[in-house]
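Visitor: Under our numbering, the first residue of the sequence shown is numbered 151, with each subsequent residue one higher. For each residue, glycine too, the CB sits at the ideal point set by N, CA and C. All figures in this text were calculated on a predicted structure; none of them were measured in a lab. If you scroll down you'll find the structure; I have some questions about it.
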Amino acid sequence: MEVTNKNVVYSFTAENLTLEILIEKSDYPIKVPSVMISDHTHHYIEILVCRKDSIKINSPDGVITIHEGEAAIIPPNISHRCLNENDVDIWRGISFVLRKYHTPDCQDLYSLIEPFGIGKKIMVIQNIPILFSIIEELTEDHDSTKRIINSLHFIYQLCKISDEYRFSNKYEQSVEVNRDSGFIRMSLLDRIINTEFMKPLTAEEVAQRLNISSRQLARIAKQRYNKTLYRVIIEKRLITAAEMLRTSGMSAERIAMMVGFSSKNTFWKEFRKKYSMTPAEYRSETLFD
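Quick look at the structure:
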């Protein structure tokens, strides 16, 4: 944990996600001269929650109103300004940066939450009393154990919000690809692979969603994963299938279908190539692990 002036910055890692949280330790309530309040951007993700009444936020899409019990998730590099920022007693805020922690055989928490970091619009979330209470707790002074517990709760709530909004129109609009950012393309490619690998994805479809050509997609996949997009998807299916073989009683045929293999023979061949044994042998070997 690092303390700078009145601000506190600390990192928390769970699975393959490192969350760097910034807590601004201003004394509440404060009064900020209006001349100091102007449109601005951050390199981090910011969440503003409304405690009472309403908050008005100026954005590139106009003025957004956040009512009591709602929150605004502001992605990096989105110009914004809280029009009633000097009334700090009606809102609380927390900022954070997501970093991918490379570790094998883990749950992909990073891909669940990273869409908040690549959006092009401010997202309004409703009915978030639990998230609000967690942010209140995080902005208070606690010992390290309490901070760890609150950070875990915070990650869990972000995962729930991401999952609930993942296929909504608001979500699709908010993560529309910025054509000028290779990093955003790679992040969105990660999300597509990690959440849709069980679907019959084609390179042409993925390239279209990233607003690039199939040749560019092949180059990005090679740069990102050092293998073809096809192999990346197959590897994701196999890892998921292996986890299901270890933790469920479903048949191998059923698992093969669920993770996206249309052919049982292809599943058997690919599984044996990766794990040097059949699915049945793998289940038997790992049954008591």
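My understanding is that residue 199 touches residue 281, with C-beta atoms under 8 Å, so please give their C-beta distance in whole angstroms.
Guide: Their Cβ separation, rounded to whole angstroms, is 7 Å, which keeps residue 199 and residue 281 in contact under 8 Å.
Visitor: If you draw a straight line from the C-alpha of residue 380 to the C-alpha of residue 345, how long is it?
Guide: Near 15 Å, if we compare the C-alpha coordinates of residue 345 and residue 380.
Visitor: Quick one: using the 10 Å Cβ neighbour count with 16 as the cut-off for buried, is residue 341 buried or exposed?
Guide: Residue 341 should be labelled buried.
Visitor: What is the residue span of the beta strand (DSSP E) that residue 196 lies within?
Guide: Run containing residue 196: 195-200, per the beta strand (DSSP E) assignment.
Visitor: Does at least one heavy atom of the ligand SAM sit under 7 Å from the Cβ of residue 367?
Guide: In the structure shown, the ligand SAM is absent, as is every other ligand, since no ligand is present at all.
Visitor: Along the chain, where does the beta strand (DSSP E) containing residue 233 start, and where does it finish?
Guide: No beta strand (DSSP E) contains residue 233, which DSSP labels as neither H nor E.
Visitor: Which stretch, first to last residue, makes up the alpha helix (DSSP H) that contains residue 386?
Guide: Counting along the chain, the alpha helix (DSSP H) containing residue 386 begins and ends at 379-397.
Visitor: My guess is that residue 214 and residue 274 are in contact by the Cβ rule of under 8 Å, so how many angstroms apart are they, rounded?
Guide: Correct: roughly 6 Å between the Cβ atoms.
Visitor: Taking the beta carbon of residue 225 as the centre, do at least 16 other beta carbons fall within 10 Å, making it buried, or is it exposed?
Guide: So residue 225 ends up on the buried side.
Visitor: With distances taken from CA atoms, which of 210, 434, 172 and 188 is nearest residue 285?
Guide: Of the candidates 210, 434, 172 and 188, the one whose C-alpha sits nearest the C-alpha of residue 285 is 172.
Visitor: In or out: residue 212 buried (at least 16 other Cβ within 10 Å) or exposed?
Guide: Burial call: exposed.
Visitor: Have a look at 167, 159 and 396 and flag the residue whose alpha-carbon is nearest the alpha-carbon of residue 308.
Guide: Residue 308 has its Cα closest to that of 167, out of 167, 159 and 396.
Visitor: Use the C-beta contact count for residue 383: other C-beta atoms within 10 angstroms, 16 or more gives buried, fewer gives exposed.
Guide: It counts as buried.
Visitor: Once the 5 residues before and after residue 117 are set aside, which same chain residues still bring their CB inside 8 Å of it?
Guide: With the chain represented from 151 up to 439, any question about residue 117 goes unanswered, as that position is not in the structure.
Visitor: In terms of residue numbering, what span does the alpha helix (DSSP H) encompassing residue 416 cover?
Guide: 414-425 is the extent of the alpha helix (DSSP H) around residue 416.
Visitor: When burial is assigned at 16 or more other CB atoms within 10 Å of the CB, is residue 442 buried or exposed?
Guide: A query on residue 442 cannot be resolved here, the shown segment of the chain reaching from 151 to 439 and no further.
Visitor: When you compare only the Cα positions, how much space is there between residue 411 and residue 428?
Guide: Taking the straight line joining both Cα atoms gives about 15 Å.
Visitor: Once you ignore the five residues that flank residue 242 on each side, which residues in its own chain have a CB closer than 8 Å to its CB?
Guide: Answer for residue 242: 198, 199, 201, 282, 285, 286 and 289, listed in chain order.
Visitor: Thinking just about the alpha-carbon of each residue, which of 217, 424, 209 and 249 is nearest to the one in residue 231?
Guide: Selected option, being the one with the closest Cα: 209.
Visitor: Grab me the residues of residue 348's own chain with a C-beta within less than 6 Å of its C-beta, minus the 5 sequence neighbours each way, in chain order.
Guide: Contacts found: 409 and 410.
Visitor: Measuring straight from C-alpha to C-alpha, what distance separates residue 360 and residue 170?
Guide: Straight-line Cα distance between these residues: approximately 28 Å.
Visitor: On a CA-only basis, which of 406, 424 and 426 is nearest residue 417? Give me that one, please.
Guide: Of 406, 424 and 426, the residue nearest in Cα terms is 406.
Visitor: Would you tell me roughly how many angstroms separate the C-alpha atoms of residue 180 and residue 194, rounded to the nearest one?
Guide: For residue 180, the predicted model reports a pLDDT of 38, less than 50, meaning its position is unreliable; a value from the coordinates is still stated below. Approximately 23 Å, taken between the alpha carbons.
Visitor: Can you give me the start and stop residues for the alpha helix (DSSP H) that residue 356 sits inside?
Guide: Here the alpha helix (DSSP H) through residue 356 covers 353-359.
Visitor: Buried or exposed: residue 415, going by 16 or more other Cβ atoms within 10 Å of its Cβ?
Guide: It is exposed - the Cβ of residue 415 has fewer than 16 other Cβ atoms within 10 Å.
Visitor: Using three-state DSSP, classify residue 192 as helix, strand or coil.
Guide: Coil, per DSSP.
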